[in-house]
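Notes to accompany the following structure.
Residue numbers (my numbering): 41 to 317.
Here is the structure:
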């Protein structure tokens, strides 16, 4: 049972994680980091979860590490303890990327520091027109390459834009983030969570194995040459061409009906999975 964020799993298998410290703009504490890190790890084996939506309560998505509860303590900690903390923050991002279930960030407000990296590490980002992004690490005297931001950001928006955001640490508004390529869907504030849940539901009802392979290959192919990538995709597709979800598509097409992929079948068989953590 998580104590520092809310979690609900709907009937489609969409796990909605809500950071729930609105009075602190959903700033992260040591406990929140640890619980999020562990939860993203446990979701790998949690068959009730097909996809994930992460958002923040109130007017912020996540303002980063809490200045009072984290930063104020870290400055006086010995090096080994500080290193253990920075490794844990990176572990959170690694667990998000290793999770073969798609993650949608509903960026309802400011996403700064670690909050911006959590949104970045998600597979898709539904962003409110009033949201802002700030990889503000250099503004507080820290390296802009933190929690995997140096690795991920340039792959999402290109090296030049990534250098601009990480070196300067400036906050950008939602239209600028959209122009930079950081936004999947730019929406009115009142549509942010509902749109993210719609996308999460579509993914959750889809061909779960094929979606997992797609996420895995998108990450793996960053370090491959073209020939290696083409061969990896050929090997994967040869498997999926013979799997039940593709057979279901073919049968549905032949019989002029809608396909019901593994996600939809599992959600129906399991019944409502709604719950909390």
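Virtual Cβ for every residue (Gly too), placed ideally from N, Cα, C.
- The criterion of a C-beta distance shorter than 7 Å is not satisfied by residue 305 and residue 140.
- The Cβ-Cβ distance between residue 62 and residue 112 does not fall below 7 Å.
- Using a 10 angstroms sphere on the CB of residue 253, the tally of other CB atoms reaches 16 or more, which defines it as buried.
- Between the region 126-143 and the region 185-202 there are three or more C-beta pairs closer than 8 Å, enough to call the two in contact.
- Per DSSP, residue 103 lies in no beta strand (DSSP E) segment and is marked neither H nor E.
- If you draw a straight line from the Cα of residue 82 to the Cα of residue 136, it is about 11 Å long.
- As DSSP reads the structure, residue 196 sits in no beta bridge.
- In this structure, residue 159 keeps its C-beta atom at 7 Å or more from the C-beta atom of residue 150.
- Shortest Cα-Cα distance from residue 164 to any of 232, 119 and 127 involves 232.
- For residue 226, the secondary structure class from DSSP, reduced to helix, strand or coil, is strand.
- With contacts defined as CB atoms closer than 7 Å, residue 209 and residue 172 fail to qualify as a contacting pair.
- Within the same chain, 133, 175, 186, 187, 188, 189 and 192 come within 8 Å of residue 157 by CB-CB distance, once the 5 residues on both sides are set aside.
- Put simply, the region 241-248 touches the region 89-98. At least three CB pairs are less than 8 Å apart.
- Taking C-alpha positions only, residue 152 is separated from residue 294 by approximately 49 Å.
- Here DSSP, grouped into helix, strand and coil, assigns residue 213 to strand.
- In the same chain as residue 101, and ignoring 5 residues on each side of it, the C-beta atoms closer than 6 Å to its own belong to 147, 148, 149, 151 and 155, in chain order.
- Taking each of 84, 64, 59 and 65 in turn and checking the Cα distance to residue 73, the smallest one comes out for 59.
- Contact between residue 44 and residue 85 does not hold, since the beta-carbon distance rounds to 22 Å and is not under 8 Å.
- In the three-state reduction of the DSSP assignment, residue 168 falls in the strand class, which pools E and B.
- Using a Cβ distance threshold of 7 Å, residue 285 and residue 250 count as a contacting pair.
- Under the DSSP assignment, residue 156 falls in the alpha helix (DSSP H) whose first and last residues are 154-161.
- Bounds of the beta strand (DSSP E) holding residue 94 are 91-96.
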